[in-house]
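Protein chains in written order, with numbering that gives the first Met the number 0: chain Z, 0 to 288; chain E, 0 to 272; chain A, 0 to 368.
For glycine and all other residues, C-beta sits at the position ideal for the given N, C-alpha and C.
To keep things clear, I will list the structure first and then write my remarks on it.
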Amino acid sequence: MKDKLMPYVLLAPQILLTLLFMIGLVTGITQSLGVIPAFGLKKPTLLYYKEVLSRPDMMRSVLYSLRIALFSSVLATAGGVFFCGVCVMGKKTQGAVMRIIQLPIIVPHVVTALFIINIFSRNGILARAAYALGMIQEQQQFPMLIYDPHGIGIIMAYLWKEIPFIIYFVIALMANINGSLGEAATNLGAKTWTVFWRVTLPLCRNTIISGFLIIFVFALGAYELPLLLGATVPKALPVLAYQEYIHPDLRNRPYAMALNGIIIAISLISSLLYFLMMRKSVKCLTEEQ
Amino acid sequence: MKNKRKSIFISITQFVLLAAILVPAVTLLLWIFTERWTWPDLAPQVFSKRAIFEIAGRKKELLQILWSSILISTVVAVLSAVIGIMTARAILLYRFPGKQVVYFFTILPFMVPATVFAMGIQITFIKMGLNNRITGVIIAHLICSLPYAVRLIMDGTAAVGSRLEEQARVLGASPFKAFYKTSLPMLMPVILSAVSMSYIVSFSQYFLTLMIGGGNVKTFTILMVPYLQSGNRNIACIYSTLFLGVTLLVFGVFEWAAGRFMKHGGGEFYTSE
Amino acid sequence: MGGRPLYETRGRRILYIGMRGQRKRVRETMSLMVEDLKVVLQKKEILHGISLDIREGEFISLLGASGCGKTTLLKSIAGLLEIQQGDIRIQDASVAGIPPEKRGTVIVFQDLRLFPHMTVEQNIAFPMELQKVPKDVRKKTVKKLLEEVQLTGFENRKIKEISGGQMQRVALARALAANPRVLLLDEPFSGLDECLRLEMGNLVKKLHQERKITTILVTHEKREAMQMSDRIALMSEGRILQYDTPRNMFRHPVSKAVAEYFGRVNYVKGRMKNHRFYSSLFEMSSELEDGDYEAMIRPYSVTLEREGAYTITGIAFMGEMAEVKIEVPEGVIVSQVMSHELERLGLEEGDRTGISIEENGVTWFRRGA
Chain Z
0 MKDKLMPYVL LAPQILLTLL FMIGLVTGIT QSLGVIPAFG LKKPTLLYYK
50 EVLSRPDMMR SVLYSLRIAL FSSVLATAGG VFFCGVCVMG KKTQGAVMRI
100 IQLPIIVPHV VTALFIINIF SRNGILARAA YALGMIQEQQ QFPMLIYDPH
150 GIGIIMAYLW KEIPFIIYFV IALMANINGS LGEAATNLGA KTWTVFWRVT
200 LPLCRNTIIS GFLIIFVFAL GAYELPLLLG ATVPKALPVL AYQEYIHPDL
250 RNRPYAMALN GIIIAISLIS SLLYFLMMRK SVKCLTEEQ
Chain E
0 MKNKRKSIFI SITQFVLLAA ILVPAVTLLL WIFTERWTWP DLAPQVFSKR
50 AIFEIAGRKK ELLQILWSSI LISTVVAVLS AVIGIMTARA ILLYRFPGKQ
100 VVYFFTILPF MVPATVFAMG IQITFIKMGL NNRITGVIIA HLICSLPYAV
150 RLIMDGTAAV GSRLEEQARV LGASPFKAFY KTSLPMLMPV ILSAVSMSYI
200 VSFSQYFLTL MIGGGNVKTF TILMVPYLQS GNRNIACIYS TLFLGVTLLV
250 FGVFEWAAGR FMKHGGGEFY TSE
Chain A
0 MGGRPLYETR GRRILYIGMR GQRKRVRETM SLMVEDLKVV LQKKEILHGI
50 SLDIREGEFI SLLGASGCGK TTLLKSIAGL LEIQQGDIRI QDASVAGIPP
100 EKRGTVIVFQ DLRLFPHMTV EQNIAFPMEL QKVPKDVRKK TVKKLLEEVQ
150 LTGFENRKIK EISGGQMQRV ALARALAANP RVLLLDEPFS GLDECLRLEM
200 GNLVKKLHQE RKITTILVTH EKREAMQMSD RIALMSEGRI LQYDTPRNMF
250 RHPVSKAVAE YFGRVNYVKG RMKNHRFYSS LFEMSSELED GDYEAMIRPY
300 SVTLEREGAY TITGIAFMGE MAEVKIEVPE GVIVSQVMSH ELERLGLEEG
350 DRTGISIEEN GVTWFRRGA
């Protein structure tokens, strides 16, 4: 265990892959600054960013994506944590029910889109149920939940997938803390809900925030769901970026990269936050005991 | 009285979530057999097995794509787990300079969407000859799946600690034997989670495979999407059901394999030490 | 004030420095030698130059409060921790650079660390498997060891099914199965009640008598250390205060710290003049030079008399013995007498009594030291 080289040997594959990843990231950034030697673009410039940030349709996409990502992630995190709390306090954290509730994790986003269409479209189950109950008389009266400028269908799809993900992410830790420390707190006279708020939740805070960041960034940069459930306008950020990317005029490439660049900026801030939340988890174990 | 109220509350919440998950599954199955379902009826008017026969006709091509997808994702999953174990051990059991930096870079792919990464790395992959090739797809998937594995296995390694390995060492075991015989069985549950999670992240990838695989590497997900976009509901639902069924099957195989490694049921994972 | 060095190297010879400063040549059949060991953990120096020698088959204890470095020393000997300075030699060969699995130093940890996914038999057989012992020999040895630790028939039990005391015995059996050159026990009886502790202590001692394995016991219990060890190394803050037989530690402590560790002491200040000690409480002849001294007197060396000039301020009944607090001009003196002696004298709280100090019961410490 004391071999000086051992950690580096163990880290070799990770480092190689990280290198590759960074190359991808850095390439994206340099291309967004207009430097693409292969296409004959050599001078770095902020032109593309300026244009992207000034064109109204592009800005609308940015805000659209941001809004959906933020809204769905916050709701999903809150919902997931709440559900975890309920289960943990009721001591029902294992069993068939929990496994089924975590099923959405294995459902790919594209299939989730299908579910949403089946249920929430104007032709879907919900609309038909509303008609049967006499709430609407015509198909047009059912609100447009998908292909709409608000992205409600998209948000619901994310909620369906991400609430179970948050549950999966948080529940083991929460059960552990609630068990040991929760017991101690209850012993000292605290009521169950108080224990949750003042002991369990604060201690899970970092894990919860890191979970939130994961789903937030994912929602921001996802392609499939907006493609299948989104309106024609505004397009989600990655959809727009891809459009520019495959544009026959290769000089449009930097526009795509500039759009990506905006996402990268948000990503980097999120990474920093995530890192700050979780960095205590790398304490060396061998010398502690 | 209060406990009963709480218990009912919990049951209701769980029921609501259960319904939210099972109802879509039911609609999926319904649509497979639906021939005609015009507005505003609550149930389809005409059922038929037409869609199923259509799929059966394409069986050969379908199975081939399915098989190669499973292979790709399994390779990604296993590699993620192995590299995850190595990275987790390096970070948690050793002291070396730059540890925080290394940790930061392991979590970075979490925070950068696959779309951004794909568009950024494509030129490099082309130069390296990895574009449009299965190896390229595997590497790209691996980069995106690895953070999940590292995160899960780090949690597990932290819980298991190095105590048992130390004991095995003083009893005469070499470092590798000590890990293999004591820590590894204890880590099996979390390794299983890591493998499953990495598998599903890879199996569900669309955009990444589209970009890096080009037209050459087709995964099941890529096969599915056009049908989801078009109005062909039956085929889309059949493919979706197939996707989920296959995934559950693969998970079952993983669990069986992990069980064989664990011998005597492994140990308690999150107990206090 | 740390311990003084126990060894001196002159050329190839190693000289042991005895209690009174004499130098003795050390025979080379030392089972374990620790020389001037310095160990640093997380940028803090834990061991500040520890030296220790243990003879073949000897049973020694590392005694001291939590945090004094006992476990660190143990782990360093076993090779689980890196040493910054100094050397560790087992049977006269340095083990620096030799990995833990090859040193023959087996630790029984405080938290036992039985492998939860293996049965009792598999746990005990583990070290033998590593040494490629054939299966039938393993089975026989496991059976024999289980008998020795009074757990006959426990082969197929799962670890989570057995009690705390039983787990300790399995851990012991497993360590013995590894055929260690040096057996290291890190507070192995913590968490056991007094009764079980005694039982386990006897078991360890019995196993030691039979096998004569060089053994180091880490403990914070004085009674245990004194009862079981050939020698005790009293440690404090990363240093060895004194390393000697239990009797010598108690009777001839080298410092106040050592004296006070082993029990209550009384201090009486006075002057030494012309080989006689003068104090307000008593006088005594001594060989020491003139000067200011403090007399250290153990409570059992203070005998009571039926009549006298001092008052008894408290009596604590402790079964066979009783502890008596007596008020003297300088403060309080504590005496320890047999309960029935107290009754015979008819002394109670508030009574007046006299004090006499046993001749051999005093250790003098120079004042200002």
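Item	Value
For threonine 270 (chain E), the three-state DSSP class (helix, strand or coil)	Since pLDDT at threonine 270 (chain E) reaches only 33, below the 50 mark, its modelled position is unreliable, and no value is offered.
Collapsed DSSP secondary structure at lysine 268 (chain A) in the structure displayed	strand
Proximal residues of chain E, C-beta to C-beta of threonine 302 (chain A) below 9 Å	Chain E residues near threonine 302 (chain A): none, gap ~50 Å exceeds 9 Å.
Residues of its chain near alanine 235 (chain E), where Cβ-Cβ distance is below 6 Å and the 5 sequence neighbours each way are ignored	Tyr226, Leu227
Interface flag, glycine 1 (chain A) vs chain E, CB-CB below 8 Å	Confidence at glycine 1 (chain A) is low in this model, with a pLDDT of 43, below 50, so its placement is unreliable and no value can be given for it.
Phenylalanine 206 (chain E) beta carbon less than 8 Å from that of alanine 113 (chain E)	yes
Residues near serine 118 (chain A) in its chain [Cβ-Cβ closer than 8 Å; skip 5 each side]	Note on identity: in this sequence residue 118 (chain A) is threonine, with serine being the wrong assignment. If we look at threonine 118 (chain A) and ignore the five residues flanking it on each side, its Cβ neighbours are Glu154, Asn155, Arg156, Lys157, Ile158.
Per-residue contacts from threonine 104 (chain A) into chain C (C-beta, under 8 Å)	No chain C is part of this structure, whose protein chains are labelled Z, E and A.
Expected contact under 8 Å - CB spacing of leucine 380 (chain A) and methionine 234 (chain A) to nearest Å	Residue 380 (chain A) is absent from the structure shown; chain A starts at 0 and stops at 368.
Separation of proline 115 (chain A) from glycine 1 (chain A), as counted between CA atoms	Any reading at glycine 1 (chain A) must be qualified, since the residue scores a pLDDT of 43, below 50, and its modelled position is unreliable; no value is offered.
Near-chain E residues of the region 107–131 of chain A (beta-carbon distance less than 8 Å), N- to C-terminal order	Phe108, Asp110, Arg112, Phe114, Pro115, His116, Met117, Thr118, Phe125, Pro126, Leu129, Gln130
Cα-Cα separation between glycine 313 (chain A) and threonine 302 (chain A), rounded to whole angstroms	15 Å
Contacting residues, own chain, Cβ-Cβ under 8 Å from glutamine 139 (chain Z) (five flanking each side not counted)	Arg121
Buried or exposed by the 16-neighbour rule on C-beta atoms within 10 Å, applied to histidine 246 (chain Z)	exposed
For arginine 275 (chain A), the nearest candidate out of A:Tyr266, A:Leu287, A:Gln208 (CA to CA)	A:Leu287
Nearest-angstrom Cβ-Cβ length linking isoleucine 84 (chain E) and leucine 145 (chain E), presumed shorter than 8 Å	Going by Cβ atoms, the distance from isoleucine 84 (chain E) to leucine 145 (chain E) rounds to 12 Å, so no, they are not a contact pair.
Counterpart residues of glutamate 44 (chain A) in DSSP-defined beta bridges	A:Val39
Arginine 143 (chain A): first and last residue of the uninterrupted beta strand (DSSP E) it sits in	Per the sequence shown, the amino acid found at residue 143 (chain A) is lysine instead of arginine. Not the beta strand (DSSP E): lysine 143 (chain A) falls in the alpha helix (DSSP H), residues 134–147.
Proximal residues to alanine 129 (chain Z) (C-beta, below 7 Å), its chain only, five neighbours per side dropped	Ile135, Phe141
is_contact[alanine 368 (chain A), chain E] using C-beta, thresh 8 Å	Below a pLDDT of 50, predicted positions are generally treated as unreliable, and alanine 368 (chain A), at 47, falls in that range; no measurement from the model is reported.
Buried versus exposed call for histidine 108 (chain Z) [16 or more other C-beta atoms within 10 Å across all chains shown]	buried
C-beta neighbour in chain A for lysine 59 (chain E), strict 8 Å	no
Short CB-CB distance (under 8 Å) between alanine 77 (chain A) and chain E	yes
Pick from E:Pro23, E:Glu164, E:Ala18 that is closest to phenylalanine 114 (chain Z), judged by C-alpha positions	E:Pro23
Cβ-based neighbour list, arginine 300 (chain Z), same chain, cut-off 7 Å, excluding 5 preceding and 5 following	Absent from the model: residue 300 (chain Z). The displayed extent of chain Z is 0 to 288, so no value can be given.
Residue burial classification, histidine 339 (chain A) (beta-carbon count within 10 angstroms, cutoff 16)	exposed
Leucine 191 (chain A) beta carbon less than 8 Å from that of glycine 164 (chain A)	yes
Assigned secondary structure, alanine 172 (chain E) (DSSP; H/G/I helix, E/B strand, else coil)	coil
8 Å Cβ cutoff met for valine 149 (chain E) and threonine 86 (chain E)	yes
Beta-bridge partners of valine 115 (chain E), as assigned by DSSP	DSSP output for valine 115 (chain E) lists no bridge partner at all.
Chain-ordered neighbours of arginine 173 (chain A) on chain E, where CB pairs are closer than 8 Å	Leu170
Same chain only: Cβ atoms within 7 Å of cysteine 203 (chain Z), ignoring 5 sequence neighbours per side	Val169, Leu172, Met173, Ile176
Test item: CB-CB of serine 270 (chain Z) and isoleucine 106 (chain E) under 8 Å	yes
Chain A contacts made by the region 182–193 of chain E, where a contact means CB separation under 8 Å	Pro184, Met185
Where tyrosine 309 (chain A) falls: helix, strand or coil (DSSP)	strand
Span separating the alpha-carbon of lysine 3 (chain E) from that of leucine 239 (chain Z)	52 Å
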